[in-house]
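Single-structure report; data block below.
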Amino acid sequence: MSHAVPIAIVMAGILIAGAVYFSNKGNPTANPNQNPENTDIGQNASVKTAEIAINPVSQKDYIRGNPDAKVVIVEYSDTECPFCKQFHGTMKNLTGKLAKDGTIAWVYRHFPIVKLHPKAPKEAEALLCAGKIAGNSGFWDYADRLYAITPSNNGLDPAQLPAIAKDVGLDETAFNACLSSGEMAPTVDLDYQDGIRAGGTGTPFSVFVASQPFDKKSVEEFLAKNIQQYRFPPDLFGISNDSKRVSVSGSMPIEFMEGLIGVLAR
């Protein structure tokens, strides 16, 4: 029993580090820092500093919570990524707890990994068609239902896309016309390119945007502690040069998310 917690922590780190589907540049790859024998993780870890430039959150985005929240989490996601499915549940839990008081807001952007999930781009278009027809609530209702039923890994039957529209009360004729037209494909690509510029290489990829510059040392100390505890590869994280954004790759546990939010929202 005395070994149960350390082993669980190491395994959590390995699984989360593996929860990054790499982009069209190649297939998923193993990271040498996933090795639990590497006891230097944490002590000698260095989190990269970069610009982490993203398109500003605007009325064109679909958002849960107040866009003026203390921390806005911009997620770049692939509807067929199993770790995105897992992370979607985590984010619903977080916004349910922390969005009402203006602590956080959640923005969803599209990052379909075509080589792994060729069905994902059309599913992203379906989410946007739902938003076009029924606004912010329609978008999120559709997204929640899709993530609830998809088996992931390119397993969702395309026939389910109009069925989901019906389930969430959308105008089926308008939805089918939008989806078949391909009119939302350019928006999906714009989100994808935005994620690439921000440093995303896989999904889920999130950028935490603080309303005020944060204390960089406190963020570095928090990340170093978690890198050591969970055996995270340090390159899963980035801190912006202006101390306003933190990038996070992978489906992180809710305890990590709450801790990082707490540091950024001070």
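Residue numbers (this note's numbering): -1 to 264. Yeah, the Cβ is synthetic: ideal placement off N, Cα and C, and Gly gets one too.
Annotation: residue 234 to residue 171 spans about 42 Å, alpha carbon to alpha carbon. When C-beta atoms of the segment 187 to 201 are compared with those of the segment 104 to 112, three or more pairs fall below 8 Å, so the two segments count as touching. For the pair of segments examined, the segment 76 to 91 was found to touch the segment 130 to 149: the number of CB pairs separated by less than 8 Å reaches three.
Considered as a whole, the segment 106 to 188 harbours 118 to 147, 158 to 165, 170 to 179 as its complete alpha helix (DSSP H) runs of no fewer than 4 residues, in chain order.
Secondary structure at residue 102: strand, using DSSP grouped into helix, strand and coil. Annotation: residue 57 to residue 243 spans about 20 Å, alpha carbon to alpha carbon. Under the three-state reduction of DSSP, residue 201 is assigned to strand.
Given a length threshold of 3 residues, each whole run of the beta strand (DSSP E) inside the segment 223 to 259 is given here in chain order: 235 to 238, 243 to 247. Going by DSSP, residue 90 is part of the alpha helix (DSSP H) stretching over 80 to 96. With a 10 Å radius around the Cβ and a threshold of 16 neighbouring Cβ atoms, residue 253 comes out exposed. As DSSP reads the structure, residue 208 sits in a beta bridge with 69.
Looking at 237, 73, 209, 103, the one whose alpha-carbon comes closest to that of residue 222 is 237. For the pair residue 59 and residue 105, the CB atoms are nearer than the 8 Å cut-off. Around residue 261, the same chain offers 216, 217, 220 as residues with beta carbons nearer than 6 Å, after the five sequence neighbours per side are excluded. The DSSP-derived three-state label of residue 44 is coil.
With 16 or more other Cβ atoms from the protein chains shown falling within 10 Å of its own Cβ, residue 77 counts as buried. Pairing residue 124 with residue 161, the inter-Cα distance amounts to about 11 Å.
From the listed residues 47, 70, 120, 49, the smallest Cα separation to residue 206 is found for 70. One alpha carbon belongs to residue 185, the other to residue 127, and they sit about 11 Å apart. Residue 264 sits in coil when the DSSP states are folded into three classes, being neither helix nor strand.
Residue 158 and residue 211 have their C-alpha atoms some 44 Å from each other. Around the beta carbon of residue 141, a 10 Å sphere encloses 16 or more other beta carbons of the protein chains shown; the residue is thus reported as buried.
Rounded to the nearest angstrom, the gap between the Cα atoms of residue 121 and residue 91 is 23 Å.
In the structure shown, residue 56 adopts coil according to DSSP, grouped into three states. Looking at the DSSP output, residue 75 sits in a beta bridge with 108.
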